[in-house]
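For reference, the structure is listed below as structure tokens.
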Amino acid sequence: MTEPLAPFSAAVNGCFSQGAAAYDSNARLQRGIAARLEGLCRRRALPLPPGPRADLGAGSGLLSRALERALGGPSFLRVDQCAALLEQESLVPQQRWDLNQGLPLELRDAACLASSFALQWLEQPQEQLEHWCSCVQAGGWLLLAVPTSGSFPIWKEAALNAAVPCTALVLPEAQPLIATAEAQLELVCQQQLRFSRPNPGGLRFLQQIKAIGAQASRGPQLPAGQLRRLLRHWPGPEQAILWEVLLLIGQKR
Ligand SMILES: C[S@@+](CC[C@H](N)C(=O)[O-])C[C@H]1O[C@@H](n2cnc3c(N)ncnc32)[C@H](O)[C@@H]1O
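Counting in this note's numbering, the sequence shown runs from 470 upward without gaps.
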């Protein structure tokens, strides 16, 4: 990486660096999504043309390893801005790269671009997705998983009721992403998944987010008084934590 990171990317990088060593064991949902994409690839026996394969925002390589098991053939290039996460794997192709700058030149005629739980961290998710699709060669594949705007309703509600800012990352809406992908790809799989996770209480939930390094926020951290108010308004265990995840697999026309 040559350019210095923009302030938000630098904050994201700092948080993921702190959580890097424990990421693999704590990122249970991401592991589940990687396994789901692995299963879908096996079932569909995706006919991958020759050419570069990459995992964009690869982190510790959960998705790369799952896809390599399913697809065989050459390794995926792990592309990520976070050195500490890339270092969790050795002897695999890696490139440290800020995806807000678009894709590295060598990926501009890719056979397969995959990405899970990374697009939402970029400054302009929809524009970057359009660029990713344009970089896939005709007959090549894009595989995407991204959490979307319907996630975390109880966090938003608790912040509203407590009259404090919601510091959750603003997640992209699913429909514009689907439309962007459909403009260039034949979608063979389009799923809008909803995962319910037990609600362990506000403090424990925020600790879980921090444990995978995903706590970076575009707003300032809540002062202690506001955090206490948020936690007082956090609903009980009868209301689950909800993740909404968009999953797309498409072939370039
Ligand atoms: C939640 S992790 C997902 C990692 C992996 N794809 C997985 O499913 O486990 C998000 C990843 O996106 C990366 N990321 C965030 N912003 C980025 C950027 N601007 N450029 C490159 N990578 C970025 C982070 O460093 C982190 O590895």
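Positions of the beta carbon are idealized from the N, C-alpha and C atoms, including for glycine.
Distance from the C-beta of C551 to the nearest heavy atom of ligand 1 is below 7 Å.
Between W703 and the set G671, A693, Q676 and L691, the nearest pair of CA atoms involves G671. With a cut-off of 7 Å, the C-beta of F485 is classified as near ligand 1, since at least one heavy atom of the ligand falls inside that distance. Set against 7 Å, the gap from the CB of Q644 to the closest heavy atom of ligand 1 is not smaller. Assignment of beta-bridge partners to K625 by DSSP yields no partner.
With contacts defined as CB atoms closer than 8 Å, L711 and P622 qualify as a contacting pair. The beta carbon of G608 is closer than 6 Å to those of P518 in its chain, skipping five residues each way along the sequence. The alpha-carbon separation between T649 and E642 amounts to approximately 12 Å.
Between the region 542-557 and the region 605-620, the count of C-beta pairs closer than 8 Å stays below three; the two stretches do not touch. A contact between stretches requires three or more CB pairs, one per stretch, nearer than 8 Å, and the region 526-537 meets this requirement with the region 487-502.
Assignment of P634 by DSSP, reduced to helix, strand and coil, places it in the coil class. In the DSSP assignment, L576 forms no beta bridge with any residue. The beta carbon of S486 is closer than 8 Å to those of C551, A552, A553, L554 and G682 in its chain, skipping five residues each way along the sequence.
Around the beta carbon of D578, fewer than 16 other beta carbons lie within 10 angstroms, which makes this residue exposed.
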